[in-house]
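K.L.:
In UniProt numbering, the protein residues as written are 1 to 149.
Glycine residues also receive a C-beta, built at the ideal position from the N, C-alpha and C atoms.
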């Protein structure tokens, strides 16, 4: 069942759903190619990010970029599914999605990466998204794991 927020028509609601879904997929592609600047640009300046693996929240776009740059390089591929966007208004939405993360190390022979024994990891993201002059951005992105590695 869908809910159209006060003052929005069905087409406008669906446009927000599509834009927020695209934001989630843009983030996934930037993350998998380890384009950390592109990932960070998809957050608001004062955003809060909580990794699915836990730890303290990372606050602010600059700190989020620093946290990505500090990561050890790895082969990785995220599969995002079951994206559900709840439109709250023309400039705000919340979204939930399931993540499946495959990760590993580069092969010594230059071939396909060797899958990590802890892979895959399965979890969720819960997002609060806002429309900014730069487009849709994550104001808050909270990840969580559904199973222990």
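Excluding the five sequence neighbours on either side, which residues of its own chain have a C-beta within less than 6 Å of the C-beta of residue 52, listed in chain order?
P.N.:
Counted from its first residue, the chain shown places residue 52 at position 52. Here the set comprises 123, 143, 144 and 145.
K.L.:
On the three-pair Cβ rule with 8 Å, is the stretch 80-91 touching the stretch 23-35?
P.N.:
yes
K.L.:
Below 8 Å, how does it come out for the stretch 67-80 and the stretch 97-114: are there three or more Cβ pairs, yes or no?
P.N.:
Judged by pairs of C-beta atoms under 8 Å, the stretch 67-80 touches the stretch 97-114, as three or more such pairs exist.
K.L.:
In three-state DSSP terms, what is residue 65?
P.N.:
Locating residue 65 in the chain shown gives position 65, where the first residue counts as 1. Residue 65: helix per DSSP, three-state reduction.
K.L.:
Nearest by alpha-carbon distance to residue 148: which of 41, 129 and 118 is it?
P.N.:
Taking the chain shown and counting its residues from 1, the one referred to as residue 148 is at position 148. Nearest C-alpha to residue 148: 118.
K.L.:
Just grab the DSSP bridge partners of residue 99 for me.
P.N.:
The sequence position of residue 99 within the chain shown is 99, counting from 1. DSSP lists 80 and 123 as partners of residue 99.
K.L.:
Would you mind stating whether residue 47 and residue 39 have Cβ atoms separated by less than 8 Å?
P.N.:
Along the chain shown, one-based indexing puts residue 47 at 47. Along the chain shown, one-based indexing puts residue 39 at 39. No; because the gap between Cβ atoms is not below 8 Å, this pair is not in contact.
K.L.:
Go ahead and pull the three-state DSSP assignment for residue 18.
P.N.:
Taking the chain shown and counting its residues from 1, one reaches residue 18 at position 18. Correct three-state label for residue 18: helix.
K.L.:
With DSSP as the reference, label residue 41 as helix, strand or coil.
P.N.:
Against the chain shown, residue 41 aligns to sequence position 41. Helix, per DSSP.
K.L.:
Using 10 angstroms around the beta-carbon of residue 9, count the other beta-carbons present and answer buried if the total reaches 16, otherwise exposed.
P.N.:
In the chain shown, the residue the question calls residue 9 occupies position 9. That one is exposed.
K.L.:
What's the gap between the Cα of residue 16 and the Cα of residue 73?
P.N.:
As a working mapping, residue 16 is identified with position 16 in the chain shown. As a working mapping, residue 73 is identified with position 73 in the chain shown. So the alpha carbons of these two residues sit roughly 34 Å apart.
K.L.:
I'd like the span of the beta strand (DSSP E) that includes residue 134, first residue to last.
P.N.:
Taking the first residue of the chain shown as 1, we reach residue 134 at position 134. Premise fails: residue 134 is in no beta strand (DSSP E) and is neither H nor E.
K.L.:
Could you pull the DSSP bridge partners for residue 140 from this structure?
P.N.:
Start at 1 with the first residue of the chain shown, and residue 140 comes out as number 140. Beta-bridge pairing links residue 140 to 48 and 128.
K.L.:
Pull up the distance between the alpha-carbon of residue 158 and that of residue 58, whole angstroms please.
P.N.:
Any answer about residue 158 is impossible in this case: the structure gives the chain only from 1 up to 149.
K.L.:
Where does residue 145 fall in DSSP's three states?
P.N.:
Taking the chain shown and counting its residues from 1, the one referred to as residue 145 is at position 145. Correct three-state label for residue 145: strand.
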